[in-house]
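Going by the numbering used here, the first residue of the sequence shown is number 22, and it counts up by one from there.
Below is one structure, written out as structure tokens; the observations come after it.
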Amino acid sequence: MASKLLRAVILRPPGSGKGTVCQMIAQNFILQHLSSGHFLRENIKANTEVGGMAKKYLERGLLVPDHVITRLMLSELESRSGQHWLLDSFPRTLVQAEALDKICDLDLVITLNIPFETLKDQLSRPWIHPPSRRVYNMDFNPPHVHGIDDIMGEALIQQQKDKLEAVAAQLRRYKDAAKPVIELYKSRGVLHQFSGTETNKIWPYVYTLFSNKITPIKCRQAF
């Protein structure tokens, strides 16, 4: 069993869910779950310089540029140099991967392969009520009447970035950027790919993979 600090990455495309697999890994193996999305939201909320830069791109449905996300994530990693960690959705481009190479070597890289249509459907679910900025999701928080705000009874709209054409373009950009990253880690022998949309089906394999690298918590239910 490895005694050194574990450095792991999980690469998952936009629309792949709320990181349930990441949370289960973190809980079962005492890893810090470091989500690029979480750090971006925190910095946007705090109106930091990095947050302001990222917001301009996210509002247009664009991926955050390499220099912005790399600056943010490397800063977060520097403050956690003595901890086991799992990076969530970083690095997503070859430039980001090369920047990460300068501060550490990765032990495991996991990719989640989810059907394109599933991702496209998930990303196009949000609708908003413009005056109040209330957000509805057609799966998790639908309005009582389709297309109508619950409180004001006014029409909901779909933002440009959430429309199917924009979502499809976003996923294509992600795929194009992620492909060389996946190939890089595959060539190094640290890449492990899992396909499917159901966490309970892929979790046993993920658990076994991590168990070969770090001791799980004995008292916690694994599956």
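Where a beta carbon is used, it is the ideal one built from N, C-alpha and C, also for glycine.
Do you know offhand how far residue i's Cα is from residue j's?
{"i": "L248", "j": "L230", "result": "Here the chain comprises residues numbered 22 to 244, so residue 248 is not present and cannot be evaluated."}
{"i": "E119", "j": "Y195", "result": "17 Å"}
{"i": "P225", "j": "V202", "result": "25 Å"}
{"i": "L26", "j": "D126", "result": "10 Å"}
{"i": "Y157", "j": "I169", "result": "10 Å"}
{"i": "F244", "j": "E219", "result": "In this prediction, F244 scores a pLDDT of 47, lower than 50, which makes its location untrustworthy; the coordinate-derived value is nonetheless stated afterwards. If I take the Cα positions, the gap works out to 13 Å."}
{"i": "E97", "j": "V166", "result": "43 Å"}
{"i": "Y78", "j": "R113", "result": "16 Å"}
{"i": "N162", "j": "K200", "result": "33 Å"}
{"i": "N134", "j": "R155", "result": "32 Å"}
{"i": "Y228", "j": "I238", "result": "11 Å"}
{"i": "N233", "j": "H88", "result": "34 Å"}
{"i": "M74", "j": "R81", "result": "12 Å"}
{"i": "F60", "j": "S100", "result": "13 Å"}
{"i": "S208", "j": "T41", "result": "28 Å"}
{"i": "L93", "j": "E63", "result": "11 Å"}
{"i": "I65", "j": "L83", "result": "15 Å"}
{"i": "N49", "j": "V211", "result": "21 Å"}
{"i": "L177", "j": "K76", "result": "23 Å"}
{"i": "L95", "j": "D171", "result": "42 Å"}
{"i": "I223", "j": "S216", "result": "8 Å"}
{"i": "D109", "j": "P147", "result": "23 Å"}
{"i": "A189", "j": "P164", "result": "25 Å"}
{"i": "E204", "j": "E175", "result": "48 Å"}
{"i": "C240", "j": "Q53", "result": "Below a pLDDT of 50, predicted positions are generally treated as unreliable, and C240, at 46, falls in that range; the measurement from the model is reported next regardless. Answer to the nearest angstrom: the Cα atoms are 19 Å apart."}
Using 8 Å for Cβ pairs, my map puts residue i next to residue j. What's the rounded Cβ distance?
{"i": "C5", "j": "I31", "result": "No answer is possible for residue 5: the residues shown for the chain start at 22 and end at 244."}
{"i": "Q104", "j": "F111", "result": "With 8 Å as the limit, Q104 and F111 do not qualify as a contact, their Cβ atoms being about 16 Å apart."}
{"i": "I90", "j": "S57", "result": "6 Å"}
{"i": "L129", "j": "H213", "result": "7 Å"}
With 16 as the cutoff for other CB atoms within 10 Å, does residue i come out buried or exposed?
{"i": "M173", "result": "exposed"}
{"i": "I235", "result": "buried"}
{"i": "V85", "result": "buried"}
{"i": "D197", "result": "exposed"}
{"i": "M22", "result": "For M22, the pLDDT reaches just 41, beneath the cut-off of 50, and the residue's location in the model is therefore unreliable, although a value from the coordinates is still provided. Exposed, since its Cβ has fewer than 16 Cβ neighbours within 10 Å."}
{"i": "P151", "result": "exposed"}
{"i": "Q191", "result": "buried"}
{"i": "T132", "result": "buried"}
{"i": "N221", "result": "exposed"}
{"i": "I46", "result": "buried"}
{"i": "R28", "result": "buried"}
{"i": "G72", "result": "buried"}
{"i": "P34", "result": "buried"}
{"i": "A67", "result": "exposed"}
Considering only DSSP beta bridges, list what residue i is partnered with.
{"i": "S216", "result": "N134"}
{"i": "A176", "result": "I169"}
{"i": "L32", "result": "T132"}
{"i": "H54", "result": "L107"}
*In chain order, which beta strand (DSSP E) runs of at least 3 residues are fully inside the segment 86-165?*
106-109, 129-134, 147-150 and 155-158
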